[in-house]
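Using the working numbering, the first residue of the first sequence is number 191, and each one after it goes up by one.
C-beta atoms are modelled at their ideal positions from N, C-alpha and C, and glycine is treated no differently.
This structure is a prediction, so every number in the text was calculated from the model and none was measured.
Shown next, in structure tokens, is the structure this report addresses.
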Amino acid sequence: MESARRENRAAIEAAGVPAFAYAFQRSHLAADAIAEYERGGQAEGPDVAVAGRLVAWRPKGKVAFGHVEDASGRIQIYLRQDQLGAAWTLAEHLDLDDHVGVRGTLMRTRAGEITVRGAELTLLAKSLRPLPRGKTQVADDGSVRTFGGLHDPEVRFRQRYADLAVHPEVREIFRLRARVTRYIRRYLDERGFLEVETPVLQPLYGGAAAQPFVTHHNALDMPLYLRIADELYLKRLLVGGLERVYEIGHDFRNEGMDRTHNPEFTMLEWYMAYADYQVIAGMAEELLRGLVREITGGEAVERDGVALDFGRPFARVGFVDGIREHAGIDVLAADEPDMRAALLRSGVPADTAATFTGGKLVDEVFKAFLEPHLVQPTFVFDYPRVLSPLAKTHRTDRRLTERFELFVLGRELANAFSELNDPDDQRARFEDQVRLRQAGDLDAQHYDADFIRALEYGMPPAGGIGIGIDRLMMLLADQPSIRDVILFPAMRPEG
RNA sequence: GGGGGCGUAGCUCAGCUGGUAGAGCAAGGGACUUUUAAUCCCUAGGUCGUGGGUUCGAGCCCCACCGCCCUCACCA
Numbered sequence: 191m192e193s194a195r196r197e198n199r200a201a202i203e204a205a206g207v208p209a210f211a212y213a214f215q216r217s218h219l220a221a222d223a224i225a226e227y228e229r230g231g232q233a234e235g236p237d238v239a240v241a242g243r244l245v246a247w248r249p250k251g252k253v254a255f256g257h258v259e260d261a262s263g264r265i266q267i268y269l270r271q272d273q274l275g276a277a278w279t280l281a282e283h284l285d286l287d288d289h290v291g292v293r294g295t296l297m298r299t300r301a302g303e304i305t306v307r308g309a310e311l312t313l314l315a316k317s318l319r320p321l322p323r324g325k326t327q328v329a330d331d332g333s334v335r336t337f338g339g340l341h342d343p344e345v346r347f348r349q350r351y352a353d354l355a356v357h358p359e360v361r362e363i364f365r366l367r368a369r370v371t372r373y374i375r376r377y378l379d380e381r382g383f384l385e386v387e388t389p390v391l392q393p394l395y396g397g398a399a400a401q402p403f404v405t406h407h408n409a410l411d412m413p414l415y416l417r418i419a420d421e422l423y424l425k426r427l428l429v430g431g432l433e434r435v436y437e438i439g440h441d442f443r444n445e446g447m448d449r450t451h452n453p454e455f456t457m458l459e460w461y462m463a464y465a466d467y468q469v470i471a472g473m474a475e476e477l478l479r480g481l482v483r484e485i486t487g488g489e490a491v492e493r494d495g496v497a498l499d500f501g502r503p504f505a506r507v508g509f510v511d512g513i514r515e516h517a518g519i520d521v522l523a524a525d526e527p528d529m530r531a532a533l534l535r536s537g538v539p540a541d542t543a544a545t546f547t548g549g550k551l552v553d554e555v556f557k558a559f560l561e562p563h564l565v566q567p568t569f570v571f572d573y574p575r576v577l578s579p580l581a582k583t584h585r586t587d588r589r590l591t592e593r594f595e596l597f598v599l600g601r602e603l604a605n606a607f608s609e610l611n612d613p614d615d616q617r618a619r620f621e622d623q624v625r626l627r628q629a630g631d632l633d634a635q636h637y638d639a640d641f642i643r644a645l646e647y648g649m650p651p652a653g654g655i656g657i658g659i660d661r662l663m664m665l666l667a668d669q670p671s672i673r674d675v676i677l678f679p680a681m682r683p684e685g
């Protein structure tokens, strides 16, 4: 299969035509050429020069039809031996998937399709390997048959270039992704936020409960960790007087991979001095509502047959109240046997439930009873202290913290606090974490003395939030797996 | 990590209770100066994931390994 393409390359080069050009002066994208022809209203349109990949090729004796695809779409080309002259030799040695440039006059074929009648054909890059293209046939009765196509997820993700090349709809997901981050940046920029970049390689990781990736710095001969969160560095910036900061970047967590987890993923975090978590909740709601409007033009997105309404005010439920309502138990008052019994009622296996203690147990009760109900956009407010070592103690209930998470479709989209800025309180929380760590909790956080020192200088009261961009993208692009919204998801190396 | 499933031509798949492989599309050759599912004629293409084993004989059975998918666990 490949050899025929190499022979075509040799034949083309033997005729003095380079198989890989240096540049091409394109005058129109396919869609723009078609639009211009239609505006003109004449049988013969203007001359255009289009360029793209040859995605369909129908040689037919001394003429040939094909379709060229570029970023805007496809346009048909029509080549004739009597018009191309010597360049016809090139046309005879074209292969599907070659990159070509065609200059010619726009016309409409007998069948009615706007087409470039080629006066010049330029080979821009030879394709030596056929793309795994499918083919669809539409029968007279409207039924569609599909032959082949790239469906194997392994190949799609390993060879994302091929996946993108044959699936315009996949390319569209990543255009959408860029629109989303652009919208977010504009939203924050307009409100006086400064986009910053903080270290990815860190001597001490923190800001979340997760296992890190570890690497080694040769010159310093010391371990370094890939960050699991941006939080502690961004809060240092608040101390430094950068009052509104945000970062969009990758965090790395050395844990399992599944539909909603990739070892590196994109996190948005922003921090705002003199705001509390209520202010942040208002912003998160406004941002998401705006995003849904921007992307869909409406205020709802339909997912799994449910219209998720981002237009009306998001539901709000208290962590403790919500659990009491659905599980009939007060997690602040209940003892561990009570909570384990509740878990058993929800269907959690006894041996699994037996392993949960402390904050973990509370969190499991939440996940079992409340999380599944959080389909519409819902804020869950005021988490117990044990679950939130970086959040400020609640102003009216010392057992709680000022923290919320935002859920949609039962999935966490955002996590936010009134940021803990009392260095003595933070020190005590770190010490609790260290005790948990010594007791065997590998996800408990480290004591970060430099962060405490920063807080001692005085951090203004502030609200902050983290939003997982990949999961947000899954929602907005209606994709079932995080791999569908990450260009090159993590894979085991090919054997 | 546990459980389940899958890995056959470039792509998507079929292959009956084990008898040494098949389709469509793609590909190659030929015909064809308005096709778009082009059409018509002809042709070729596979160490059946890898390595062992059972058997007279294995794509099919057994074992191990590799990879992917689903699921559970872990992971807010």
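What three-state label does DSSP hand residue i in the structure shown?
| i | result |
| --- | --- |
| T568 | strand |
| P322 | coil |
| Q266 | strand |
| T486 | helix |
| G501 | coil |
| E385 | strand |
| M529 | helix |
| F347 | helix |
| R601 | strand |
| D633 | coil |
| E359 | helix |
| F364 | helix |
| G206 | coil |
| I676 | coil |
| H584 | coil |
| V555 | helix |
| A233 | coil |
| D660 | helix |
| Q271 | helix |
| L391 | strand |
| T450 | coil |
| E476 | helix |
| P562 | helix |
| A309 | strand |
Pick from the options: whose alpha carbon is nearest that of residue i?
| i | options | result |
| --- | --- | --- |
| K550 | E197, Y573, I642 | Y573 |
| A246 | Q232, D222, D287 | D287 |
| L478 | L394, L596, L414 | L596 |
| E454 | I418, T371, V469 | I418 |
| L599 | D379, Q566, P343 | Q566 |
| Y647 | E526, F214, D612, R588 | D612 |
| A241 | A233, A261, Y227 | A261 |
| L560 | D528, E602, A205, A524 | E602 |
| P402 | Q392, A409, E515, D411 | Q392 |
| R367 | D441, I485, G472, E387 | I485 |
| H451 | A213, D674, L219 | D674 |
| D237 | M297, R196, P683 | M297 |
| P249 | D272, H218, E282 | E282 |
Which residue marks the beginning of the alpha helix (DSSP H) containing residue i, and which one marks its end?
| i | result |
| --- | --- |
| F509 | 509-517 |
| A221 | 220-230 |
| K316 | No alpha helix (DSSP H) holds K316; DSSP gives it neither H nor E. |
| T279 | 278-282 |
| R625 | 613-628 |
| A523 | From DSSP, A523 is part of no alpha helix (DSSP H); its letter is neither H nor E. |
| G592 | It should be noted that the sequence gives Glu, not Gly, for residue 592. First-last for E592: undefined, no H or E at that position. |
| R426 | 421-429 |
| L645 | 639-648 |
Determine the extent of the beta strand (DSSP E) in which residue i is found, giving its start and end residues.
| i | result |
| --- | --- |
| L340 | Counting along the chain, L340 falls outside any beta strand (DSSP E), and DSSP gives it neither H nor E. |
| M412 | 412-416 |
| V292 | 289-298 |
| A246 | 237-250 |
| A544 | Counting along the chain, A544 falls outside any beta strand (DSSP E), and DSSP gives it neither H nor E. |
| G256 | 253-260 |
| V404 | 404-407 |
Which residues does DSSP pair with residue i in a beta bridge?
| i | result |
| --- | --- |
| S608 | G653 |
| W460 | Y436, I655 |
| F214 | The partner list for F214 (beta bridge, DSSP) is empty, contrary to what the question assumes. |
| D441 | F455 |
| R506 | F569 |
| E492 | A497 |
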